[in-house]
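Student: Line by line, the protein sequences give chains A and B.
Each residue of the first sequence is one higher than the one before, counting from 1322 in the numbering used here.
Each residue of the second sequence is one higher than the one before, counting from -3 in the numbering used here.
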Amino acid sequence: MDLQIALLLAQDGLTNGAIYVLLALALVLVFAVTRVIFIPQGEFVAFGALTLAAFDNGKLPGTVWLLLGGAALVLLVEAVAARRERNNQRLARALLFYGLLPAVVAGAAWWAAALKLALPVQIALSLAIVVPMGPILYRLAFQPLAEASVLVLLIVSVAVHLALAGLGLFFFGAEGSRTPAFSEAMLKFGEINVSGQSLWVYGSSAVLILALYVFFSRSLYGKALVATAVNRTGARLMGIRTSMAGGLAFTLAAAIGAFSGILIAPITTIFYDTGFIIGLKGFVGAIVGGLASYPVAAGGALLVGLIESYASFWASAFKEVIVFTLIIPVLLWRSLTTHHIEEDE
Amino acid sequence: MMARRLPLVALLALVALGPRLLPEFYVTLFNYIGLYGLVALGLVLLTGIGGMTSFGQGAFVGLGAYATAYLTTVHGLSPWATLFIGLAVTGATALLLGAMTLRLSGHYLPLGTIAWGISLYYLFGNLDALGGHTGITGIPAVSLFGLSLESGRDFGYLIWAITLAALWATQNLLASRQGRAIRALKGGSLMAESMGVDIARTKIIAFLIAALLASLSGWLYAHLQRFVNPTPFSLHHGIEYLFMAVVGGAASLWGALLGAGVITLLNEWLKDLLPKLLGASGNFEMIVFGVMMVLLLQYAPNGLWPLLARRLPAPRREIAVSDAQPLTQRDKPASGTTLLEVKAAVKRFGGLVAVNDMSLTVKAGEILALLGPNGAGKSTMFNLVSGVAPPTSGTVHFLDRRIDGLDPRRIAKLGMSRSFQHVRLLREMSVLENVAIGAHLRGAAGVLSSSLHLERGEEARLLAEAARQVQRVGLGEHLHDAAGSLPLGKQRILEIARALCADPCLLLLDEPAAGLRYLEKQALAELLRKLCGEGLGILLVEHDMDFVMGLVHRVVVMDFGEKIAEGLPDEIQRNPAVREAYLGGVE
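See below:
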């Protein structure tokens, strides 16, 4: 391997690594706020990418039906709850967020599908379709079990992953898709070429991370999420609804997931089940950070990207084996450095 | 009794006659249910009973299958030899994985198994020696007593014999000393550790058993199919195994077979139905399974078995207690010997000093009360002595041995036994079995002898001892009731019986009289007096002044982490510092 190949692989690794960083951050966020280990994160990556690909092909993406179906179910659940509480405000809010808004989004998607609008519009529409599935999922699958053990939530999480992956197969079929790059530019830095898309990935990741930082440290809702993560009961006593915090965390995670998919779709072909593996690589990064530390998780995720890139050069058949076995030394190290008496749940 | 046995009789009849009478298709399905049931059985033990979980069981099945496939085809070994090699490889892998993850929080094991499940799947598919994604063909049939089990009809008998034997052995295990330890994993680790159970080891045992059952199923699978490829051992199948355990009922062993049956049949039906319904081909059954799991965990978290079992006439199950020969007792120190000596103990939590420069002694045949208002540091003090939280500085000696820094299990072994302020019982288990956990260190039977019920002599003596302690504290009428059904006061008494079952020479009791009625308090005081008359030392943390004053020999009073008074009960009652601490001075 000469320097040029090494640099090329590093560039490749950093591009994927940047995506894993975003996913790792979302996973840490969701776990901290809701104790859910968010396995379906990967499905949002695939849904984001494949929805955009459908628009790009002038087709109405199947995720629109998923959005409408999910929103209708939430509307039903909320309407029943609102009726029982005789709470008209709750009913109105549900009608707005789970009735009107999804209908508008679906209408816009239907109208736009055949028109092949500009890429930024397609991206905005794709996000508008996929991101609401985060809170919908939280409301339907996780909120009723908010007090269950981490273990039960994990099993639910895996079940949701399975259902969404199956739906992904149904909506998008078994063929993979690629989307057009944000920019066809090719920049030359000394010896190596860097594609414009890679720069987009680096830039968007940096901006997103900064935005998250500002959100958590400056905004009221961000602080509410941090408070819920630190102490659920305490946050509740301060008037923060944990279901609100959970819904918000899922919305952010869905947004990050879908956007990651859109970023990476011009670089790798995305199949309905690709997201799962991408999401799990984010996980390996998150586990390096003990599912608690944002910076360490980000560092771990970058490392995963780099290792994967170099592994694909030396032993491409064993790329996945190497990446997922990486978790073993990490767990060993955590096990040896943690002195923690398991509390009874 | 007959009605209760009816399902078992029906199953046995099906196992015996099914392979002869059913059409080929159903014989195959039935064989798969047996194979999957074996894996699900391990998961019920791990998840439903042990409170841990694994999505990587598919990979363990694969290890067993590939071990025998490779060794029988390439090296020509006998399937019976490769069975044990496969089990050994799986066991070693599970030990490694368990040792790394089981000390961490509960979710690291399942996450580790997900990663390991994926990794092994790709490894199977990419190793040329294992035939890559095409796999290995030409695996020989198993022969038994010269009989070659080539057809699925014949091999089914072996599958079901092994599955039912595994069910029997697991049931035996759960009704034993080791089984009680496994059942304490979910929600009782701290308590069990204080009773001398090695929690880390018990967790690994449960994980190991689940892995070995999966490996066994893999061996059977390889010799039933006679070829293997990576697909059946993917993470996806690992998830399906877990679903079987959850659907059937994660806390009942029979639920494993029920779950395996339901998921296998449903899978078959949906694979047929959904592609027609949706007009496309693909694994759409996973949508249904996913949604079904979410609904099940929301509305029937205990699975289908309890719903089914409710329809069967269930006699009250009572564990027989015999007049077995009493267990040997440890040599007790003579009355007046110093048992416990705490010197200048300090406990800091960051900047907070919870206990500061505390010293106290407890002698055999003496009751010492540790008093103090809320937040005085009594419970922290208690934890220092029992080993739950080691002191920052200072020493603790027990029977002239230094014990600060030892874990609760070692301290329990030396003859110190405790109760908990917030009652820690296994609510579903009977009073008798809860108390028997206290006697954990007085038995020695291992997992293997327990599974085969070769330890019945020792078990009878443990249960007899437990029953004796239950009688001794006056809960004899509740012997077979679920511990969770007792009123709180009696649950506290039960905790004392459990502590006594360990045959201690020092008893630590954390607010035993809280929640008791007047007469119950009198009975408790009577019991404690009797115990200390027999030479036991008792350290009592208590709020109830009336209860303490008439009972104990000496009192130590704490406030803000420090000792403010020590002496005889009536001296303490007159002590101005104590009065101020309890009644408040003028602000």
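In this text, a Cβ means the ideal position worked out from N, Cα and C, and glycines have one as well.
On a predicted model such as this, the values are computed, not experimentally measured, just so you know.
Among B:T391, B:L170 and B:I132, whose alpha-carbon lies nearest the alpha-carbon of B:H449?
Tutor: For this step, residue 449 of chain B is matched to residue 453 along the second sequence. It is B:L170 whose Cα lies nearest to the Cα of B:H449.
Student: Does any CB atom of chain A fall closer than 7 Å to the CB of B:V35?
Tutor: Indexing the second sequence from 1 puts residue 35 of chain B at position 39. Chain A contact via Cβ: absent.
Student: Excluding sequence positions up to five away, which residues of its chain have a Cβ less than 6 Å from the Cβ of A:G1755?
Tutor: For residue 1755 of chain A there is no data in the structure shown, the boundaries of chain A being 1322 and 1666.
Student: For A:A1367, would you say it is in contact with chain B, using Cβ-to-Cβ distances shorter than 7 Å as the test?
Tutor: Position 46 of the first sequence, counted from the first residue, corresponds to residue 1367 of chain A. Chain B contact via Cβ: absent.
Student: Could you tell me whether the segment 1498 to 1510 of chain A touches the segment 267 to 277 of chain B, using the rule of 3 or more Cβ pairs below 8 Å?
Tutor: Short answer: they don't touch.
Student: Could you check if A:I1662 is buried or exposed, using at least 16 other CB atoms within 10 Å of its CB as the buried criterion?
Tutor: Position 341 of the first sequence, counted from the first residue, corresponds to residue 1662 of chain A. Low local confidence applies: a pLDDT of 47 at A:I1662 is under 50, so the model's placement there is unreliable, with the coordinate-based value given in what follows. It is exposed - the Cβ of A:I1662 has fewer than 16 other Cβ atoms within 10 Å.
Student: In whole angstroms, what is the alpha-carbon distance linking B:L163 and B:L249?
Tutor: The residue you call residue 163 of chain B lines up with position 167 of the second sequence. The residue you call residue 249 of chain B lines up with position 253 of the second sequence. Using only the alpha carbons, I get a separation of about 7 Å.
Student: Within a Cβ cutoff of 8 Å, which residues of the same chain sit near B:L238, ignoring the five residues on either side of it in sequence?
Tutor: Along the second sequence, read from residue 1 onward, the residue named residue 238 of chain B stands at position 242. Here the set comprises L39, T43, T49, S50, F51 and Q53.
Student: Which same chain residues, not among the five before or five after A:G1334, have their C-beta less than 6 Å away from its C-beta?
Tutor: Looking up residue 1334 of chain A in the first sequence gives position 13. Correct list, in chain order: G1626, L1627 and S1630.
Student: Determine, for A:V1385, whether the minimum Cβ-Cβ distance to residues of chain B falls below 7 Å.
Tutor: Your numbering for residue 1385 of chain A matches position 64 in the first sequence. No, A:V1385 does not count as interfacial toward chain B.
Student: Are the C-beta of B:V5 and some C-beta of chain A separated by less than 7 Å?
Tutor: The sequence position of residue 5 of chain B within the second sequence is 9, counting from 1. Judged by the 7 Å Cβ criterion, B:V5 is not in contact with chain A.
Student: Is the Cβ of B:L422 closer than 7 Å to any Cβ of chain A?
Tutor: Indexing the second sequence from 1 puts residue 422 of chain B at position 426. Taking Cβ atoms only, chain A never reaches closer than 7 Å to B:L422, which makes this a no.
Student: Which residues of chain B have a Cβ atom closer than 8 Å to the Cβ of A:R1405, listed in chain order?
Tutor: One-based indexing of the first sequence puts residue 1405 of chain A at position 84. By Cβ distance, chain B contributes nothing, its closest Cβ being about 17 Å from A:R1405, past 8 Å.
Student: Please go through the segment 313 to 390 of chain B and give each complete alpha helix (DSSP H) segment of 4 or more residues, from N-terminal end onward.
Tutor: The qualifying runs are 374 to 382.
Student: For B:V427, count the other beta carbons within 10 Å of its own beta carbon; 16 or more makes it buried, fewer makes it exposed. Which is it?
Tutor: The count along the second sequence starts at 1 and reaches residue 427 of chain B at position 431. That one is buried.
Student: Are there 16 or more other CB atoms within 10 angstroms of the CB of A:A1532, so buried, or fewer, so exposed?
Tutor: As a working note, residue 1532 of chain A is residue 211 in the first sequence. Per the 10 Å Cβ criterion, exposed.
Student: Looking only at C-alpha atoms, which of B:T227, B:T198 and B:G368 sits nearest to B:H129?
Tutor: Your numbering for residue 129 of chain B matches position 133 in the second sequence. Comparing Cα-Cα distances from B:H129 to each of B:T227, B:T198 and B:G368, the minimum goes to B:T227.
Student: Got a sec: is the Cβ-Cβ distance from B:N263 to anything in chain D below 7 Å?
Tutor: In the structure shown, chain D cannot be found, because the protein chains are A and B.
Student: Go to B:E562, then tell me how far its alpha helix (DSSP H) extends in each direction, as first and last residue.
Tutor: Position 566 of the second sequence, counted from the first residue, corresponds to residue 562 of chain B. It is not in any alpha helix (DSSP H) - B:E562 instead sits in the beta strand (DSSP E) that spans E558 to G563.
Student: For A:A1331 and B:A341, what's the separation of their Cα atoms in angstroms?
Tutor: If you number the first sequence from 1, residue 1331 of chain A lands on position 10. If you number the second sequence from 1, residue 341 of chain B lands on position 345. For A:A1331 and B:A341, the distance between alpha carbons rounds to 55 Å.
Student: DSSP three-state label for B:G533, please.
Tutor: For this step, residue 533 of chain B is matched to residue 537 along the second sequence. Of the three classes helix, strand and coil, the one that applies to B:G533 here is strand, per DSSP.
Student: What residues from the segment 237 to 270 of chain B come within 7 Å of chain A, judged by C-beta to C-beta, listed N to C?
Tutor: Per Cβ criterion, the list reads L238 and V242.
Student: Does the count of Cβ pairs from the segment 1563 to 1574 of chain A and the segment 1445 to 1464 of chain A closer than 8 Å reach three?
Tutor: Yes, they touch.
Student: Which partner residues does B:A478 have in the DSSP bridge list?
Tutor: Taking the second sequence and counting its residues from 1, the one referred to as residue 478 of chain B is at position 482. Paired residue(s): B:S426.
Student: Is A:F1359 a contact residue of the ligand NAP, with contact defined as CB to any heavy atom under 6 Å?
Tutor: Absence of the ligand NAP is noted for the structure shown, with no ligands found whatsoever.
Student: Does any residue of chain A have a CB that is nearer than 7 Å to the CB of B:Q294?
Tutor: Along the second sequence, one-based indexing puts residue 294 of chain B at 298. B:Q294 counts as touching chain A.
Student: Interface residues of chain B around A:V1473 at Cβ under 8 Å?
Tutor: Along the first sequence, read from residue 1 onward, the residue named residue 1473 of chain A stands at position 152. By Cβ distance, chain B contributes L293 and P297.
Student: For my contact list, A:L1373 and A:L1529 are in at a C-beta cut-off of 8 Å; report their separation, rounded to the angstrom.
Tutor: Stepping through the first sequence from its first residue, residue 1373 of chain A is reached at position 52. Stepping through the first sequence from its first residue, residue 1529 of chain A is reached at position 208. 17 Å between Cβ atoms; not a contact.
Student: So, under 8 Å CB-CB, B:F394 and B:L323 are touching, yes? Tell me the CB distance rounded to an integer number of Å.
Tutor: Walking along the second sequence from the start, residue 394 of chain B turns up at place 398. Walking along the second sequence from the start, residue 323 of chain B turns up at place 327. Wrong, their Cβ atoms sit about 22 Å apart, outside the cutoff.
Student: I need the straight-line Cα distance from A:I1648 to B:A478, nearest angstrom please.
Tutor: Locating residue 1648 of chain A in the first sequence gives position 327, counting from the first residue. Locating residue 478 of chain B in the second sequence gives position 482, counting from the first residue. Answer to the nearest angstrom: the Cα atoms are 42 Å apart.
Student: Please report whether the beta-carbon of A:F1645 lies at a distance below 7 Å from any beta-carbon of chain B.
Tutor: Here residue 1645 of chain A refers to the residue found at position 324 when the first sequence is read from its first residue. Closer than 7 Å: yes.
Student: Taking the alpha-carbon of B:V469 as reference, which of B:V419, B:C501, B:S481 and B:K526 has the nearest alpha-carbon?
Tutor: Stepping through the second sequence from its first residue, residue 469 of chain B is reached at position 473. If we check each option's Cα against that of B:V469, B:K526 comes out closest.
Student: Does DSSP put B:I132 in a helix, a strand or coil?
Tutor: Indexing the second sequence from 1 puts residue 132 of chain B at position 136. Correct three-state label for B:I132: strand.
Student: Taking Cβ-Cβ distances below 9 Å as the criterion, which residues of the segment 1479 to 1502 of chain A are in contact with chain B?
Tutor: Result list: V1479, A1480, V1481, H1482, L1483, A1484, L1485, A1486, G1487, L1488, L1490, F1491, G1494 and A1495.
Student: Between the alpha carbons of A:L1388 and A:G1369, how many angstroms are there, rounded?
Tutor: For the purposes of this step, residue 1388 of chain A is identified with residue 67 of the first sequence, where counting begins at 1. For the purposes of this step, residue 1369 of chain A is identified with residue 48 of the first sequence, where counting begins at 1. Whole-angstrom Cα-Cα distance: 13 Å.
Student: Would the beta-carbon of B:W156 fall within 7 Å of that of B:V11?
Tutor: For this step, residue 156 of chain B is matched to residue 160 along the second sequence. For this step, residue 11 of chain B is matched to residue 15 along the second sequence. In this structure, B:V11 lies closer than 7 Å to B:W156 by Cβ.
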